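Student: One structure, pasted below without further comment.
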Amino acid sequence: MSEQREPVGVIGVGWVGLVTAACFAELGHPVIARDILPEKVEALSRGEVAIHEPGLEDLLRRNAERLTFTTDMGELLAQARLLFVCVDTPPTYSGDADLSRVRAVVQELSGDGDHVLVMKSTVPAGTGESIRREMPNLAYVSCPEFLKEGTAVKDFMNPDRVVIGADPGDEGAADAVAALYQSLGGEILRTDVASAEMIKLASNAFLATKISFINEIANVCEEVGADVGQVAKGMGLDERIGTAFLRAGIGYGGSCFPKDVSALKMLAGNTGYHFQLLTSVIEVNELQQRRVVGKLEKHLGSLIGKRVALLGLAFKPDTDDMREASSLVLAARLQGEGAEVVAYDPVAAERASELLGSVEMAPSAMEALEGADAAVLVTEWPEFAELDWAAAAGRMARPVLVDGRNFLDPDKLVKAGFDYEGIGRQPRDAPAPAAAE
Ligand code: UGA
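Basically my numbering = 1-based index in the sequence shown + 1238.
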C-alpha cells in the first residue's frame, strides 16, 4: 500500500515552476500548479510543453496523473499546504528586481493562516521579512533555486545543496519543506530567511565574477601569447579555485546572471554600500560581447556590406532561452557597423526571430555559412563540432571564424582553411604576437 505523499502547490509555471512541479511529481507527490495564463494552463493540461528543457517533457508525461494545472488559486489553496512561489522577478529599469508578481501572489494569500509560502523566486534580501511583517499569519520559508537551464531536471534530482531559510516561529514549516528534499541526498542547509536570500544572490554573483575574471585573463592571454584554456586548467587544479566556470568566451547571458548581479549591486546601493567589484563584473561582460567586432575587423577591415553568419543564438546550448543572450548584443553591434547578419540556431531560431527581426534565419549551419565573409560561433551546440568545416570553408566568401566559446579545435580549423580567432587562444602555428617594446 503506497502512502499518500504531501501535496505540493506551485504558483507560476514558467521554467522554474514547471521543473519544480514535474520533479516533485516524479518523487511521488501530488502536485497542483497554478498559472494566471489560461492558454499556458490549457496547453500543459494537454501535455504540451513550450520550453526546451531536456527530460522535462518525459517527466511530465510519466507523472501526468499526479499533476494538475489550473488558473484557480482557490483550488490550489484547498489542496496543498506548501505553496512554492515560482513567479518571475525580472529587472526593472532601475536594475532592481521587479517584485510585482510576487506581491500579487501574496495579496491572493492574504489572511490565510494554514499555508506555508515557500519562496523559490529570486528576491532581494529583506523581501521575506517584509512579507512576514505584512502577513503575520503566513508561515514563510525561503528555498532559493540553484537549477541550471539545460540540466535542470538532473540538478533538481542531484542537488549540491538545498538551502532552507526560516525565521523563529516557522521552524515547523521549514521542517516540512526539508522533508520534501530529504531523499535527494544533497546537503540541506538551514539558515535564517535573509541569509538564504543572500546565498542565492551571492552564488550567482560569484559565478558571474568567475566568468568575467577568466574573460579578462583571456584578453591578457591574447596580448602575451598565452592560452587561456591551459591557464584556466592550471588555476583550477588548485582546490581552492576549482575548474568550473572558468571557460572564457563572449560573455554570460540568460535570465539569471545579468539580472541577479544587477539586483545585488542595486540592493547594496540602496543600503548605501557601493559594490564596486560587481560594477566591473557587469562592465567586463558588456565589453566582452563587443570585442568580437574588433576581431572581425582585424580580418575584414570595415564591416560595411560584409555578410556575417552567427552560429547559435540561445544564451547557452540545450535551451531555447534567448533572454540576455550575447547574440542579441552582437547582432545589433554588427548591424550597427553596417554588416549583413545571417544566423542559425537548431532550437532557438523561432524565439530568436521575434527579437531579431532584421536578421536572416538560415535553416542549417551550412546554409548560414554560404557566401559569408565571416562566421561567429556564439553558442556551443554539439552539432557545430560535427560540421564538415573544410566544406564550409569552400562555401564561404572568406573563411574567417571567431570561435566565441573556444569550442572548436583551432588547429583543425586552420587545416580546414580557416583564419581562426578564439578568445584568449591562438592556433599553434599562428604568428607570434609582436614583442613588447
Ligand atoms: C544560473 C546558475 O548557474 C544556476 O545555479 C542558477 O540557479 C540559475 O542561474 C538561476 O539563477 O536560476 P543558468 O542561467 O541556467 O544558471 O546558466 P549557466 O549554465 O550558469 O550559464 C550562464 C551563462 O554563463 C551562459 O551564458 C554561459 O555561456 C556562461 N558561462 C558559463 C561562461 O561564459 N563561462 C563559464 O565558464 C560558464
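Glycine residues also receive a C-beta, built at the ideal position from the N, C-alpha and C atoms.
Owing to the predicted nature of the structure, the values given are computational and were not obtained by experimental measurement.
So, at 6 Å on beta carbons, what are the nonlocal neighbours of PRO1245 in its own chain, with the 5 sequence-adjacent residues on each side left out?
Tutor: Taken in chain order, the residues that qualify are PRO1268, GLN1317, ALA1318.
Student: Buried or exposed: which applies to LEU1534, given that a residue is buried once 16 or more other Cβ atoms fall within 10 Å of its Cβ?
Tutor: Buried, because 16 or more other Cβ atoms sit within 10 Å of the Cβ of LEU1534.
Student: Our contact map puts ASP1424 next to VAL1400 with C-beta atoms below 8 Å; I'd like the distance itself, whole angstroms only.
Tutor: According to the sequence displayed, residue 1424 carries Gly and not Asp. About 5 Å separates the two Cβ atoms, so the contact holds.
Student: I believe VAL1356 touches CYS1381 by the beta-carbon criterion, under 8 Å. Please report the beta-carbon distance rounded to the nearest angstrom.
Tutor: Yes, VAL1356 and CYS1381 are in contact; Cβ-Cβ is about 5 Å, under 8 Å.
Student: Given this structure, state the Cα-to-Cα distance separating VAL1579 from GLU1598, to the nearest angstrom.
Tutor: Looking at the two C-alpha atoms, the distance is approximately 7 Å.
Student: Could you give the DSSP three-state label for LEU1265: helix, strand or coil?
Tutor: If DSSP states are grouped into helix, strand and coil, LEU1265 belongs with coil.
Student: On the DSSP bridge assignment, give the partners of PHE1307 in chain order.
Tutor: Paired residue(s): ALA1271.
Student: Could you check where the beta strand (DSSP E) with LEU1321 kicks off and where it finishes?
Tutor: Note, LEU1321: beta strand (DSSP E), 1320-1323.
Student: Less than 8 Å between the CB atoms is what I'm expecting for GLY1403 and GLU1383, so what's the real figure, rounded?
Tutor: Not a contact, Cβ separation roughly 13 Å.
Student: If we count the other Cβ atoms within 10 Å of its Cβ and call it buried at 16 or more, is PRO1555 buried or exposed?
Tutor: With 16 or more Cβ atoms within 10 Å of its Cβ, PRO1555 is classed as buried.
Student: Can you give me the Cβ contacts of GLY1351 inside the same chain, cut-off strictly under 7 Å, excluding the 5 residues immediately before and after it?
Tutor: These residues qualify, in order along the chain: ASN1375.
Student: When every heavy atom of ligand 1 is checked, does at least one fall within less than 8 Å of the C-beta of CYS1494?
Tutor: Yes; taking the cut-off as 8 Å, the Cβ of CYS1494 has a heavy atom of ligand 1 nearer than that.
Student: Where does ASP1657 fall in DSSP's three states?
Tutor: ASP1657 falls in the strand class under three-state DSSP.
Student: Count the other C-beta atoms from every protein chain shown that fall within 10 angstroms of the C-beta of THR1327, then say buried if there are 16 or more, exposed otherwise.
Tutor: It counts as buried.
Student: Excluding the 5 residues flanking MET1239 on each side, which residues of the same chain have their C-beta closer than 6 Å to its C-beta?
Tutor: Per-residue confidence for MET1239 stands at a pLDDT of 45, beneath the threshold of 50, marking its modelled position as unreliable; the derived number appears in the next sentence. Answer for MET1239: no residue qualifies.
Student: From LEU1515 to GLY1662, what does the alpha carbon distance come to, in whole angstroms?
Tutor: Rounded to the nearest angstrom, the two C-alpha atoms are 22 Å apart.
Student: Should LYS1392 be counted as a contact of ligand 1 given a C-beta to heavy atom distance under 8 Å?
Tutor: Not under cutoff, so the answer is no.
Student: For ILE1542, collect the residues of the same chain with a Cβ closer than 8 Å to its Cβ; drop the 5 residues on either side in sequence, then sort them by chain order.
Tutor: Contacts found: GLU1575, GLY1576, ALA1577.
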